[in-house]
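Report on the following structure.
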Amino acid sequence: MKQLEQPADANPGFQIAPMIDVVFVIMLFFMVMAGAVKVEHELKTTLPGNAETSKEMEMPDEVTIGVSESGEITLNEDPVGAPADRLLESLYNQMKQMGQAAEQSKTKLLITVQAEETARYERVINVLDCLAKANISNVTFAVADTE
Amino acid sequence: MIDVLLVLLIFFMSITSSQVLKVDKNISLPVAANGVKRDDKAAAGLINISWDKTTGVAKYKLDDRELDMNDKDGIAKELAARKGDNPKYRLLVRADKDCHAKYISKALEWGAEAGIENIAFSGLNHEE
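Here the protein sequences come in this chain order: A and B.
Every letter in the first sequence is one number past the one before it in the numbering used here, and letter 18, counting from 1, is 18.
Every letter in the second sequence is one number past the one before it in the numbering used here, and letter 13, counting from 1, is 1013.
Rendered as structure tokens:
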């Protein structure tokens, strides 16, 4: 008859140990998910020929980077990147130097990325990404008429 | 101990769910690891450009609504109305990586027509 002394609705109090287990499992889940999370990044450009350039009369150094249909990259007509070269190291090095030189002489560097009509967008993004890595912000994007 | 666990839990929850990507499933974005993180504070018109590999034609969507490629004036008018007099309004171009450059320039043309000169291209921080 000892059971009668302990009624069935006796409150055992809040159990912390099972809660820690649950929290731990949930935390592990989010930790694993955190590694795979895809964050969207953006590359900022301006349209070619915007009004800002007409205000200052100093001529910026103009550089044209071409993206061909096959994925080849040219810097002022000189080839700098093969179609399979995704990191574009040589373009990055040259742009970095140019950026530093422009900063020292206090001129503005104006980069135009000129893609052929049928060039793949991914290639254009590779170039823009490379320019972002080299800290160059004044970039415009244009598509050349092949006609 | 439980306090620390809860704090960690909240931390990991926030970094995983801070950006629920509203990405069109048909678009596979290119990788742009060096881009800056997207700031959602500035108002932006979002143009999704998906690419049909078999026909080689791009499809445009402004937010979730499909756009007619040939209706240049209509789109420009709509973008201009959205822009209002906000000089910081941006055009966020989110295009498939196989898309051809001339279709991208078309979207930029609409933006130019509407007087938007801030363009941002969107990419993922790492490969899937």
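The beta carbon of each residue, even a glycine, is placed where N, CA and C say it ideally should be.
Check: Cut-off 6 Å between Cβ atoms - residues of its own chain near Val139 of chain A, not counting five sequence neighbours on either side; Outcome: Thr45, Ile111 and Leu131
Check: Three-way DSSP call (helix, strand, coil) for Ser1122 of chain B in this model; Outcome: strand
Check: Partners in chain A for Val1036 of chain B, counting only beta-carbon separations shorter than 9 Å; Outcome: His41, Glu42, Leu43, Lys44 and Ala132
Check: Cutoff 7 Å; reference Trp1110 of chain B; Cβ partners in own chain excluding five residues on either side; Outcome: Lys1072, Ile1075, Ala1076 and Leu1079
Check: Any C-beta of chain A under 8 Å from that of Met1069 of chain B; Outcome: no
Check: Inter-residue spacing [alpha-carbon to alpha-carbon] between Ile20 of chain A and Leu1009 of chain B; Outcome: 11 Å
Check: Beta-carbon proximity list for Gly1123 of chain B, same chain, < 7 Å, skipping 5 on both sides; Outcome: Leu1029, Pro1030, Val1031, Ala1032 and Gly1035
Check: Asp61 of chain A vs Ala36 of chain A beta-carbon contact at 8 Å; Outcome: no
Check: Contact with chain B by Phe24 of chain A, beta-carbon distance below 8 Å; Outcome: yes
Check: Contact set for Ala115 of chain A: own chain, Cβ-Cβ below 6 Å, skip 5 residues either direction; Outcome: Val67, Val124 and Val143
Check: Beta-carbon contacts of Gly1115 of chain B that lie in its chain and below 7 Å, excluding the five residues immediately before and after; Outcome: Ala1080 and Lys1083
Check: 7 Å Cβ shell around Arg86 of chain A - same chain, five flanking residues per side excluded; Outcome: Asn126
Check: Assigned secondary structure, Pro18 of chain A (DSSP; H/G/I helix, E/B strand, else coil); Outcome: helix
Check: Burial state of Gly1045 of chain B (16 or more Cβ within 10 Å); Outcome: buried
Check: C-alpha gap between Leu1067 of chain B and His41 of chain A, whole angstroms; Outcome: 24 Å
Check: Below-8 Å beta-carbon distance, Gly1045 of chain B vs any chain A residue; Outcome: no
Check: Cutoff 8 Å; reference Gln94 of chain A; Cβ partners in own chain excluding five residues on either side; Outcome: Leu75 and Val80
Check: Leu1046 of chain B - partner residues in DSSP beta bridges; Outcome: B:Leu1092
Check: Leu1029 of chain B CB to nearest heavy atom of the ligand GDP below 7 Å; Outcome: With respect to the ligand GDP, the structure offers nothing, as it holds no ligand at all.
Check: Thr45 of chain A in three-state terms, based on DSSP; Outcome: strand
Check: Any C-beta of chain A under 8 Å from that of Pro1030 of chain B; Outcome: yes
Check: Other residues of its chain near Phe1121 of chain B: CB distance less than 6 Å, five sequence neighbours each side excluded; Outcome: Val1093
Check: Environment of Val1004 of chain B [buried if 16+ CB atoms lie within 10 Å]; Outcome: exposed
Check: Beta carbon of Asp129 of chain A nearer than 8 Å to that of Leu47 of chain A; Outcome: no
Check: 6 Å Cβ shell around Gly71 of chain A - same chain, five flanking residues per side excluded; Outcome: Pro83 and Arg123
Check: Local Cβ density within 10 Å of Ile16 of chain A, reported as buried at 16 or more and exposed below that; Outcome: exposed
Check: Contact set for Glu147 of chain A: own chain, Cβ-Cβ below 6 Å, skip 5 residues either direction; Outcome: Its pLDDT being 43, under 50, Glu147 of chain A is placed unreliably in this model, and the value from its coordinates should be taken loosely. So the list is empty, once near-sequence residues are dropped.
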